[in-house]
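Have a look at the structure below before the remarks.
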Amino acid sequence: MDRVADRARAGRVALLAVLTVAAPIAGARASSDLTELSLEDLMNVEVTSVSKRSESKLDSPASVHVITSEDLRRGGFTSVPEALRTVPGVQVARISANRWAISVRGFLQEFSNKLLVMVDGRTVYSPVFGGTWWDAENLTIEDVDRIEVIRGPGGAIWGANAVNGVINIITKQAADTQGTLASVWGGTQEYGITTRFGGQLGETTHYRLTAKAEKIEDYDFDQDYNGDDEWRNLRLGLRSDTELSDRDAFSLHADFYDIDHDYASAIFNPAPPFNATAFTDRQRGKARGGDVVLRYGHDFADGSSLEIKTYYDRKYRQSTSNLDSHTADFALQHDVVLNDWLGLIWGLDYRYWTTHSNPG
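So the sequence shown is residues 53 to 412, counted in my numbering.
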């Protein structure tokens, strides 16, 4: 089991500079600022992760916490794990520059197999060990619309891994990210840059292109040791949303990431206080992958809806053991409105997964 330790953050000085060339959509910003909502409006904040349908937070049969895009902007977070530190009932520990341990309601470990993590409903945990490579899900924080966290079992709705909780990261519509944005941030041992351009094709299609580069330097334990855990990341993203008609919509998501990271194993003193006495030689690791998601939605006249989603995901990691994973998924969901107070949701999901492993 990995030794989990929070990374010291004392004395951290952060500098965040954001240059926005296109004015943000006022309505979108106002709706995401929860501090300006009344108590009644707060109760009516909509969530989708509990019942796989849009409903008010008050009506959802679960303990739900929502981190909005306004929360992310005001908090100055540069990654999703940092934002999750603010959620009650979620345990977050930073093991190194590139490794996180995140869990809900206990059982904290680097690869928590009792927590389901999704991005826009796409499952991102690895079936090899049931956990999530959080460095591979280093999304551009400016593209995140909200993060919905369910504290409690969700297996009846979502299936495997949703034992203690569900984290669903929902990104913004392409229409809400029009114009050009550039942001630069820096602090103690870490810095990065993000650029984004959003445009429109015709009257029905909106799109955005995003690029992010980030570097985190070695973590210094003291004057004699450092973590040998330098981390460098390049991420590219594309999203396109098309209104085919008043009742039909189609969206395309695509992401690619390329990560270089260093790692070294600590050698601990077998006697108290069990401090690290030495480290193995620095080694270089590599992670590369991407995904493509296609989604079609149709709204019926009676309020029912149909959604068809398919995606392909590939993850390759080169370290102590080389892992090459491929995942293909097809899902269909039909939300049927039976009357004013009763509805039915049914669907199917087929997933094919394969992985190859060999010593590094």
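Positions of the beta carbon are idealized from the N, C-alpha and C atoms, including for glycine.
Can you name the residues that DSSP bridges to residue 252? 258
How far does the beta strand (DSSP E) with residue 239 in it reach, from first residue to last? 231 to 239
Quick one: using the 10 Å Cβ neighbour count with 16 as the cut-off for buried, is residue 324 buried or exposed? exposed
May I ask you to report which of helix, strand or coil DSSP gives residue 134? helix
Could you check whether residue 213 and residue 157 sit closer than 8 Å to each other, using their CB atoms as the reference points? no
If you measure between the beta carbons of residue 244 and residue 269, is that distance less than 8 Å? no
Residue 340 - containing beta strand (DSSP E), residue span: 335 to 351
Cβ-based burial, residue 84 [other Cβ within 10 Å; buried from 16]: Low local confidence applies: a pLDDT of 46 at residue 84 is under 50, so the model's placement there is unreliable, and no value is given.
Alpha carbons only, please: which of 192, 341, 155, 365 is nearest the one belonging to residue 128? 192
Looking only at its own chain, which residues have a Cβ that is under 7 Å from the Cβ of residue 360, when we skip the five neighbours before and after it? 348, 384
If you follow the alpha helix (DSSP H) that residue 122 is in, where does it begin and where does it stop? 121 to 127
Using 8 Å as the cut-off, can you tell me whether the region 238 to 252 makes contact with the region 152 to 168, which would need three or more C-beta pairs spanning the two stretches below that distance? no
List the whole-angstrom C-beta distance separating residue 149 from residue 281, where the pair is believed to meet the contact cut-off of C-beta under 8 Å. 4 Å
Residue 189 in three-state terms, based on DSSP: helix
Nearest neighbour of residue 296, chosen from 335, 339, 351 [CA to CA]: 351
Residue 366: which of 166, 131, 189, 153 sits nearest, CA to CA? 189
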